[in-house]
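Enquirer:
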Amino acid sequence: MKERTRSILEASVRDFIETGNPVTSERLYKKYKFGIKPAMIRWELHDLAKKNFLSQKHPSGGRIPSDRAYRFFVEEVWNEIEKEEETREAENLIELLLEGERRKFVKTLAEELRLLGICYDAKEEVMHNSGFKDLIESIGERANILNVLRDFEMIPERLCEQKSWWEKESSWPQVFVGKNPITSSSHLSVIAGKMNRGGRGDILILAVGPKRMNYEQSLRTFKNLLRLIE
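The sequence shown begins at 11 in this note's numbering and counts up by one.
1) For the beta strand (DSSP E) that V87 lies in, which residues bound it at each end?
2) Three or more beta-carbon pairs under 8 Å between the segment 225-239 and the segment 187-197, yes or no?
3) Once the 5 residues before and after R168 are set aside, which same chain residues still bring their CB inside 6 Å of it?
4) Bridge partners of I201, per DSSP?
5) Considering I51, what are the terminal residues of the alpha helix (DSSP H) in which it resides?
6) Can you tell me which of S22, L106 and G30 puts its alpha carbon nearest to the alpha carbon of K40?
7) On the three-state DSSP scale, how would you describe R73?
8) Output the distance between the C-alpha atoms of P183 and E92, rounded to the nearest integer angstrom.
9) Could you check what DSSP says for M11 in three-state terms: helix, strand or coil?
10) Is the beta carbon of V116 less than 8 Å from the beta carbon of S148?
11) In the DSSP assignment, the alpha helix (DSSP H) including I192 goes from what residue to what residue?
12) Express the C-alpha separation of Y130 and V136 in angstroms, rounding to a whole number.
13) Between I104 and K12, what straight-line distance do the alpha-carbon atoms span, to the nearest angstrom?
14) If you count every other CB in all the chains shown that lies within 10 Å of the CB of L108, and 16 or more means buried, which is it?
15) DSSP on N234, reduced to helix/strand/coil?
16) Would the beta-carbon of F162 fall within 8 Å of that of G203?
17) Does the distance from the C-beta atom of R222 to that of F26 stay below 8 Å?
18) Could you check what DSSP says for L159 in three-state terms: helix, strand or coil?
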């Protein structure tokens, strides 16, 4: 993919996350400096739509990022965060986790990220969560909310079923957009991290939110959190 096309795709996803409005060439032209006119941006958006990065409900309307576009965006964001110097930003979360304050940990995580926070102890098969109200408010449409409610009820069972996968997985954090091993809703994204406690079993840490979540803040928090745990 050409560098200009990459920049326009990243800007398109970022714009949709920030505004919730379908992406238009005119708005991108006003907000970003690509060095080309709106007509050329429009052509790039059309090409990205043909490659299934964007979708368009109406011929005259703007475009919405697909799951493929979100995954591209997450990869770009993570590559930049990986280059950043390590900080002690997540130190308060680590202290709560190491002290066994799981409820306080997950509540603080949920409040900081404004997402649904989940902490799952594999050995005890106990799940703590916080922030469900914020998640529901961010979803919007009633039909989607009901879908998410049913999905949430299944998370403990799915975590248990997928145990062999996440116990063996060594690359963290993991980011899922749309349907995944943990949630079946097409409206959600999940960021997952794992704390290995040796013989005491693993702890899985999840942040669940709408696909329009703040990936930069969440991934930065997970990066610092997991690095401090190591």
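All C-beta atoms in this analysis are idealised placements derived from N, C-alpha and C, irrespective of residue type, glycine included.
Expert: In short, the structure shows the following:
1) It is not in any beta strand (DSSP E) - V87 instead sits in the alpha helix (DSSP H) that spans D77 to K93.
2) no
3) I192
4) V185 and A217
5) P48 to K60
6) S22
7) strand
8) 11 Å
9) coil
10) no
11) It is not in any alpha helix (DSSP H) - I192 carries neither H nor E in the DSSP assignment.
12) 6 Å
13) 41 Å
14) exposed
15) helix
16) no
17) yes
18) helix
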